[in-house]
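J.: Quick one: the structure is below, questions incoming.
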Amino acid sequence: PMNDTAALYGTLRRIAETVGRAEPAGRVAHYIPVLAEADPARFGMALAFPDGETIGVGEWRHRFSIQSISKVFALVLALAHRGEHLWTRVGREPSGNPFNSLVQLEYEQGIPRNPFINAGALAVTDELLDHTDQPCELMRDFLREESGAPDLDFDQRVADSEAAHIDRNAALGHLMADYGNLRHPVPQVLHHYVRQCAVEMSCEEVARAGGVVTRHGLRADGSRLLSRGDAKRVNAIMLTCGAYDAAGEFAFRVGLPGKSGVSGGIMAVVPGRYTLCVWSPGLDRRGNSVAGMDALDRFTTETGCSVF
Ligand code: GLN
C-alpha cells in the first residue's frame with residue numbers, strides 16, 4: 002500500500018479529473034429544503050495524515066453541513082464520557098433499512114439497531130445529555146480543536162430547515178421515549194441532534210477531525226480520548242453500519258470504515274495511516290454520494306489501501 006504524499010496526491014488528482022463521468026450525478030436530498038439547493042455535480046476530496054498534514058483536490062476547502070458524519074463524532078464523545086453504558090440503549094448490528102426507518106424500532110422495543118441510523122443517534126444524544134446539557138456545543142468545540150479551525154460552527158439555516166421538517170425524527174424519538182429509551186424530553190434531544198448535523202465543515206476539516214479514529218483513539222494533541230478497544234469498535238461500526246442500507250455495497254466497493262451523510266459527504270478511515278473525506282451532493286437512492294462512492298472506490302483500488 003502507498004503512503005507517499007506525492008503519489009497519493011497524484012491519485013487524488015486523477016480521480017478529481019474524471020470522477021462522476023461513468024454515472025449520472027445523482028439527486029440532492031430534498032427532505033431538508035436547504036440541502037435541495039445544492040448543485041449535485043460539485044466535488045471535493047481531502048486526505049489527512051495522522052500528524053494533521055492534509056492534501057486535497059477540487060472543492061476540498063468548501064464547507065458543507067456534515068449531517069450524519071456527525072454520528073461518528075457523537076459516538077466517540079459518548080463512549081469517551083459515558084462508556085459501556087451506551088450499549089444498554091443501542092445495538093451494533095447493521096440495520097439493512099433506510100437511515101430514518103421506524104420499522105425495527107417497534108420490533109426491538111425501542112432499542113435502535115446501531116448508533117449510525119437516526120434512531121441510534123437520538124439515543125447517543127440522549128446519553129450525552131447525561132454528561133452535559135450542551136451536547137451539540139460539546140461536539141462543535143471538539144471539532145474545532147481536532148480540525149484546527151476555531152471558526153467552524155452550526156449552519157443555522159440548515160438547522161432551522163431541518164427543525165421545520167422534523168416529523169419523522171420526532172416520530173422516532175417519541176417511539177423510543179414510549180419504550181423508556183429516552184430519558185430527556187424529545188424536543189430537547191431533537192434540538193441537539195439537528196444542530197450537530199448542521200455543523201459546517203470542509204473535507205479538509207472533516208478529514209483532520211476524523212484523525213481520532215485513525216490514530217486508534219488519540220486526539221490531535223496526542224492525548225488519549227478513546228481506548229484502543231473503543232477506537233477499534235468505532236471503526237467496526239463504521240464498516241458495518243456507516244452507509245445505512247448500503248453498508249455492504251460500501252464494503253464491497255471501498256473496503257474501509259466509512260460514514261456518509263445526506264449532504265453528500267463521506268468520511269473514510271484507513272486505520273493507522275490516514276483519514277479521507279469526499280464531498281459531492283448528488284446522492285443515490287439510499288442517500289450516499291454517487292461521486293463520493295466512485296472516488297473512494299477508485300482511491301482504494303488504485304492505492305491498495307483498503308482493510309482488505
Ligand atoms: N440530519 C439528517 C436527518 O436527520 C441526517 C441524516 C443523514 O445524513 N443520513 O435526517
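The sequence shown begins at 2 in UniProt numbering and counts up one residue at a time. From the three backbone atoms N, C-alpha and C, an ideal C-beta is built for every residue, glycine too.
So, are the CB atoms of M46 and G111 less than 7 Å apart?
T.: No, they are not a contact pair.
J.: For a test of your reading of the model: does the CB of N115 fall under 6 Å from any non-hydrogen atom of the ligand GLN? Yes or no.
T.: Checking every heavy atom of the ligand GLN against the Cβ of N115, none is found closer than 6 Å.
J.: If we count the other Cβ atoms within 10 Å of its Cβ and call it buried at 16 or more, is V104 buried or exposed?
T.: Exposed: under 16 other Cβ atoms inside 10 Å.
J.: Which residue from D156, R64 and V195 puts its Cα closest to that of N119?
T.: It is V195.
J.: In chain order, which continuous runs of the beta strand (DSSP E) of length 3 or greater are located wholly inside the region 23-76?
T.: Runs of the beta strand (DSSP E) inside the region 23-76: 45-49, 55-59 and 64-66.
J.: State the Cα-Cα distance for the pair D5 and F50, rounded to the nearest angstrom.
T.: Taking the straight line joining both Cα atoms gives about 11 Å.
J.: Quick check on DSSP: helix, strand or coil for E147?
T.: In this structure, E147 counts as helix in the three-state DSSP scheme.
J.: Given 8 Å as the limit, is there contact between the region 255-266 and the region 224-231, that is, 3 or more CB pairs closer than that?
T.: In short, these stretches do not touch, since the Cβ pair count stays below three.
J.: Let me confirm a value: E85 is counted as buried when at least 16 other C-beta atoms fall within 10 Å, else exposed. Which label applies?
T.: Answer is exposed; the Cβ neighbour count stays below 16.
J.: Identify, in the order they occur along the chain, each residue of the same chain with its Cβ nearer than 8 Å to the Cβ of H31, setting aside the five sequence neighbours on each side.
T.: Cβ neighbours of H31 beyond the five flanking positions: A37.
J.: Can you give me the start and stop residues for the alpha helix (DSSP H) that S261 sits inside?
T.: Note, S261: premise wrong, no alpha helix (DSSP H); beta strand (DSSP E) at G259 to S261.
J.: Considering only residues of the region 193-271, which uninterrupted beta strand (DSSP E) runs meet the minimum length of 3 residues and lie entirely inside it, listed in chain order?
T.: Those beta strand (DSSP E) runs which fall completely within the region 193-271 and span 3+ residues are 201-203, 259-261 and 266-271.
J.: Return yes when the C-beta of F100 is under 6 Å from any heavy atom of the ligand GLN, and no when it is not.
T.: Yes, the Cβ of F100 comes within 6 Å of a heavy atom of the ligand GLN.
J.: If contacts are defined as beta-carbon pairs under 8 Å, then M202 and S148 qualify, I think. What distance do you get, rounded to the angstrom?
T.: Indeed, because the Cβ distance is near 7 Å, the residues count as touching under 8 Å.
J.: With DSSP as the reference, identify every bridge partner of W280, one or two as the case may be.
T.: According to DSSP, W280 bridges with G45 and G266.
J.: Cβ-heavy atom distance between G262 and the ligand GLN below 6 Å?
T.: G262: yes, Cβ under 6 Å from the ligand GLN.
J.: Does the beta-carbon distance from R209 to G53 come in below 7 Å?
T.: A contact, by the Cβ cut-off of 7 Å.
J.: Just reading off the alpha helix (DSSP H) that F300 is part of, what are its end residues?
T.: Unbroken alpha helix (DSSP H) run through F300: V291 to T304.
J.: Under a three-way DSSP split, which group does Y275 fall into?
T.: It is a strand residue.
J.: Leaving out five residues before and five after residue 310 in sequence, what residues of the same chain have Cβ atoms less than 8 Å from its Cβ?
T.: The structure shown does not extend to residue 310, since the chain spans only 2 to 309, so no value can be given for it.
J.: Taking just the CA atoms, how far does A8 sit from residue 1?
T.: Because the chain in this structure spans residues 2 to 309, residue 1 falls outside the shown range and cannot be described.
J.: To which residues of the same chain is N98 closer than 7 Å at the C-beta, ignoring the five residues directly before and after it?
T.: Answer for N98: V104, Q105 and D246, listed in chain order.
J.: Here's a check: name, in chain order, each residue in its chain whose Cβ is nearer than 6 Å to the Cβ of A292, leaving out the five neighbours to either side.
T.: Closer than 6 Å at the Cβ level, and outside the excluded window around A292, lie V20, G21, F44 and S281.
J.: Measuring only from the beta carbon, is residue 384 closer than 6 Å to any heavy atom that is part of the ligand GLN?
T.: Shown here, the chain extends from 2 to 309; a query on residue 384 therefore has no answer.
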